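> Residues 38 to 386 in this note's numbering are what the sequence shown lists, from first letter to last. Let me give you the structure first, and then I'll get to my questions.
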Amino acid sequence: MNPDNFTQAVAEALGAAQQIAQVRRHQEIDIPHVMKSLVQPNQLAEQIYREAGVNVQGLNAAIDAALEAEPVVEGASAYGQSMSQNLSQLLTDANSVKDEFGDTYISTEAVLLALYQQRYNPITQFLLNDAKVDAKRLRQVIENLRGGEKVTSKNAEASYKSLEKYGTDLVKEARSGKMDPIIGRDEEIRDVIRILSRKTKNNPVLIGEPGVGKTAIVEGLAQRIVKNDVPDNLKNKTIISLDMGSLVAGAKYRGEFEERLKAVLKEVKKSEGQIILFIDEIHNIVGAGKAEGSMDAGNLLKPMLARGELHLIGATTLDEYRENIEKDKALERRFQRVLVQEPSVEDTI
């Protein structure tokens with residue numbers, strides 16, 4: 038099968054499966070090798086199985102037992118150079134699942150669902166008999182995870198639940214009591230509320246030196262939302278603090294950063310105004326992820342800001358604002374500045 042038909046995650050899993058076969062001196066790459074590669078901590082396959090109610094520890098034990106049952110070949114000239122008939126059939130079935138979903142590439146989800154066609158495989162037996170999770174249940178979890186999206190890019194798996202992955206819900210944190218009370222920032226919080234309540238130019242950008250408490254102002258707003266101490270238009274809103282570091286981290290190929298950001302922005306758009314996005318050090322969005330032939334994050338944000346599909350709070354220093362945002366007039370006119378000074382002793386007592 039053509040490697041170009043697989044998502045990045047599946048292609049990497051097949052490569053890792055070959056390495057496992059070589060280390061264990063197995064002649065062929067088989068289903069247990071691939072499953073061992075896919076079901077890893079914090080990876081999509083493990084997440085899907087957990088949400089379906091599978092005991093992942095038991096599943097890993099079943100995979101390890103299946104690996105131990107694979108025949109070891111001594112003295113072979115090469116190991117793991119060919120696929121078993123069962124694995125070839127699994128990938129053929131995964132291709133059919135891909136077509137059912139209307140996907141462009143064979144994804145992790147397609148492989149997991151195709152495994153149910155191999156009814157006598159010990160891993161399938163574990164899922165059906167021990168975990169009591171059938172293909173219908175797994176499909177429900179997958180469809181919920183996808184949210185109606187199709188796999189149209191090689192890095193599609195990384196875009197699922199993007200806000201959860203790359204953001205922190207500040208209102209949720211305030212509600213759970215994880216935040217310290219914010220003192221002496223009433224004026225700035227009122228300014229932010231006033232700007233957010235406008236019809237136009239309703240995206241505040243907090244400008245101040247590092248350490249003056251810009252993030253604290255946003256946390257103060259989150260606490261007010263929890264207390265219902267905000268105008269009606271801001272009641273029940275969610276503030277998601279976007280972690281630009283994790284969004285950029287590990288982006289290995291051109292366009293991967295933009296794909297992640299697009300997935301985040303798509304989720305924000307789907308919320309129909311219920312989510313306010315907070316980006317600290319917002320100057321990084323101008324040129325962030327920039328490579329020859331790729332878009333930068335600022336160009337992804339501008340159309341959504343112009344159409345009112347994105348409510349945004351930014352934070353930066355005055356120098357960075359002048360250098361990176363003020364020069365971009367299309368971006369600059371979407372923001373209203375809020376100057377943040379270090380609080381005085383009187384304000385904080």
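Where is the CB? At the ideal position from N, CA and C, for every residue including glycine. These numbers were taken from a predicted model, which means no experiment stands behind them.
Does the Cβ of Ser-156 have 16 or more other Cβ atoms within 10 Å, making it buried, or fewer, making it exposed?
Going by the sequence as given, residue 156 is Arg instead of Ser. Exposed, since its Cβ has fewer than 16 Cβ neighbours within 10 Å.
> Let me check one thing: in DSSP terms, what residues is Glu-65 bridge-paired to?
Listed as beta-bridge partners of Glu-65 by DSSP are Ser-119.
> Using three-state DSSP, classify Asp-280 as helix, strand or coil.
coil
> Helix, strand or coil: which one does DSSP assign to Gln-56?
helix
> Note down the Cα distance separating Ile-219 from Leu-258, rounded to an integer number of angstroms.
Cα to Cα, the separation comes out at about 9 Å.
> Please check the pair Thr-44 and Glu-194, which I expect to be a contact at CB under 8 Å, by giving their CB distance rounded to whole angstroms.
6 Å
> Measure the alpha-carbon distance for Gly-184 versus Gly-310 and round it to whole angstroms.
If I take the Cα positions, the gap works out to 18 Å.
> Would you report the Cα separation of Asn-265 and Val-76, rounded to the nearest angstrom?
43 Å
> Would you report the Cα separation of Ile-85 and Arg-370, rounded to the nearest angstrom?
42 Å
> Run through DSSP, which three-state label would Ile-350 get?
strand
> Look at the alpha carbon of Glu-146 and the alpha carbon of Asn-240, and state the distance between them as a whole number of angstroms.
38 Å
> Using 10 angstroms around the beta-carbon of Ser-213, count the other beta-carbons present and answer buried if the total reaches 16, otherwise exposed.
exposed
> Mapping the DSSP letters down to three states, classify Arg-374 as helix, strand or coil.
strand
> May I ask you to report which of helix, strand or coil DSSP gives Thr-252?
In this structure, Thr-252 counts as helix in the three-state DSSP scheme.
> Mark Lys-251 as exposed unless 16 or more other C-beta atoms lie within 10 angstroms of its C-beta, in which case mark it buried.
buried
> Please state the DSSP three-state secondary structure of Asn-240.
strand
> Give me the residue from Gln-94, Tyr-116, Leu-355, Val-47 with the minimum Cα distance to Ile-57.
Of Gln-94, Tyr-116, Leu-355, Val-47, the residue nearest in Cα terms is Tyr-116.
> Where does Lys-366 sit, in a helix, a strand or coil, going by DSSP?
Helix.
> How is the alpha helix (DSSP H) around Leu-81 delimited, first residue to last?
Looking at the DSSP string, the run of the alpha helix (DSSP H) that includes Leu-81 is 81-89.
> Out of curiosity, what's the CA-to-CA distance linking Gln-64 and Gln-126?
18 Å
> Quick check: the stretch 307-321 against the stretch 269-278, are there 3 or more CB pairs under 8 Å?
yes
> What does Asp-317 pair with, by DSSP beta-bridge criteria?
Ala-352
> Could you give the first and the last residue of the continuous beta strand (DSSP E) run that contains Gly-204?
Here the beta strand (DSSP E) through Gly-204 covers 204-206.
> Return helix, strand or coil for Thr-275, following the three-state DSSP convention.
Thr-275: strand per DSSP, three-state reduction.
> Taking contact to mean at least 3 C-beta pairs separated by less than 8 Å, is the stretch 100-118 in contact with the stretch 167-186?
no
> Hey, Leu-387 and Val-377: beta-carbon distance below 8 Å or not?
Missing from the structure shown is residue 387; the chain here goes from 38 to 386 and no further.
> Taking the alpha-carbon positions, what's the Glu-256 to Val-71 distance?
44 Å
> Please classify Gly-326 as buried or exposed, where buried requires at least 16 other C-beta atoms within 10 Å of its C-beta.
In this prediction, Gly-326 scores a pLDDT of 47, lower than 50, which makes its location untrustworthy; no coordinate-derived value is stated.
> Quick one, are the C-beta atoms of Pro-69 and Arg-222 less than 8 Å apart?
no
> Does any heavy atom of the ligand MG sit closer than 7 Å to the C-beta of Asn-321?
Although the ligand MG was asked about, the structure shown includes no ligands whatsoever.
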